[in-house]
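In my numbering, the protein residues as written are 2 to 54.
Read through the structure below, which is laid out as structure tokens, and then see the notes.
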């Protein structure tokens, strides 16, 4: 039985699961409806740019 279940395996869910394991959490399950990063993460058109100098 899992101690922690993270619902959603996109960028945020995967990051949360990764950080939980880094901090010592055990039995972490990453659950998603379809494939990893197939929801809003796959459809995001964002980018990273420098806004301030």
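Glycine included, each C-beta is placed from N, C-alpha and C at the ideal position.
{"Check": "Residue 25, buried or exposed, once every other Cβ within 10 Å from all chains shown has been counted against 16", "Outcome": "exposed"}
{"Check": "Residue nearest to residue 2 in terms of C-alpha spacing, selected from 18, 22, 30", "Outcome": "30"}
{"Check": "Identity of the residues DSSP links to residue 31 by a beta bridge", "Outcome": "7"}
{"Check": "Distance between residue 39 and residue 9 (C-alpha atoms, nearest Å)", "Outcome": "10 Å"}
{"Check": "Pair within 8 Å by beta-carbon distance, residue 32 and residue 7", "Outcome": "yes"}
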